[in-house]
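**Student:** Going by the UniProt record's numbering, the first residue of the sequence shown is number 1, and it counts up by one from there. Just so it is clear, CB atoms sit at the ideal spot from N, CA and C, and this is done for glycine as well.
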Amino acid sequence: MPRLTDARKELRRAQIAEAAVRCFGRNGLERTSIADITAESGLSAGSIYAHYRNKADLVQAAAREVLAKRAAVLGEYAASDAPPDPDELLTRLIAAIDPAEARVGVQTWGEATTDPVIRGIVVDMIDQMRAMLRDCVTAWLVKVEHQEPAAARERATPIAHRVSALYQAELLYTALRSPTEETAS
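1) Output the distance between the C-alpha atoms of residue 135 and residue 125, rounded to the nearest integer angstrom.
2) Between residue 19 and residue 41, is the Cβ-Cβ spacing less than 7 Å?
3) Within its chain, find whatever has a CB closer than 8 Å to the CB of residue 144; leave out the 5 residues flanking it on each side and keep chain order.
4) Work out the CA separation of residue 169 and residue 80 for me, nearest whole Å.
5) For residue 57, does the three-state DSSP call read helix, strand or coil?
6) Distance check for residue 94 and residue 70, CA to CA, integer angstroms please.
7) Use the C-beta contact count for residue 10: other C-beta atoms within 10 angstroms, 16 or more gives buried, fewer gives exposed.
8) Confirm, please, whether the CB-CB distance from residue 58 to residue 106 is below 7 Å.
9) Are the CB atoms of residue 122 and residue 109 within a distance shorter than 7 Å?
10) If you draw a straight line from the alpha carbon of residue 65 to that of residue 147, how long is it in whole angstroms?
11) Using the C-alpha atoms, what's the distance from residue 33 back to residue 156?
12) Residue 7: buried (16+ other C-beta within 10 angstroms of its C-beta) or exposed?
13) Between the C-alpha atoms of residue 52 and residue 45, what's the straight-line distance to the nearest angstrom?
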């Protein structure tokens with residue numbers, strides 16, 4: 001059997017992580033089995049285990065997959081000549097919420113209350129998201145509000161914390177909406 005290139009391995013890992021997100025969103029973390037993920041991805045269990053040691057690794061990969069999407073968007077905002085102000089930033093983030101990903105996020109938060117491995121993943125993801133939001137708000141303060149970078153970064157920290165909290169509240173709200181409500185909006 002030919003060996004997978006590094007690029008192909010990353011594509012396969014992403015394929016598995018995306019299938020895991022769909023399964024977790026549909027069935028929940030606890031009720032999703034590796035067999036569900038193999039069926040969803042179209043790959044064998046052996047292929048899944050060649051890329052991930054266990055379900056916790058898949059949860060981490062799924063969380064990172066979702067965070068990577070947010071990171072790309074936030075990076076574009078921060079790099080633009082006129083980054084969005086915090087209100088517009090929050091509006092854009094909320095508009096981009098995927099209901100299935102929101103359900104996975106909330107389920108993961110729930111698991112984090114009793115599983116130290118999942119807790120570590122969640123804390124890491126929240127910290128990374130806040131850091132990206134801080135960078136975006138700092139860019140807005142520097143480029144649009146013309147503040148000095150050091151002062152802007154200090155001022156951006158509590159603003160990013162509030163934007164993060166409001167975003168998480170919207171994720172929870174979205175996760176709790178029924179599929180019927182999702183299609184009606």
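**Tutor:** In terms of the structure at hand:
1) 15 Å
2) yes
3) The residues are 82, 83, 85.
4) 27 Å
5) helix
6) Going by the C-alpha atoms only, they are around 11 Å apart.
7) exposed
8) No.
9) Here residue 109 is near residue 122, since their CB atoms are less than 7 Å apart.
10) 33 Å
11) 41 Å
12) Classification of residue 7: exposed, given that the 10 Å Cβ count is below 16.
13) 10 Å
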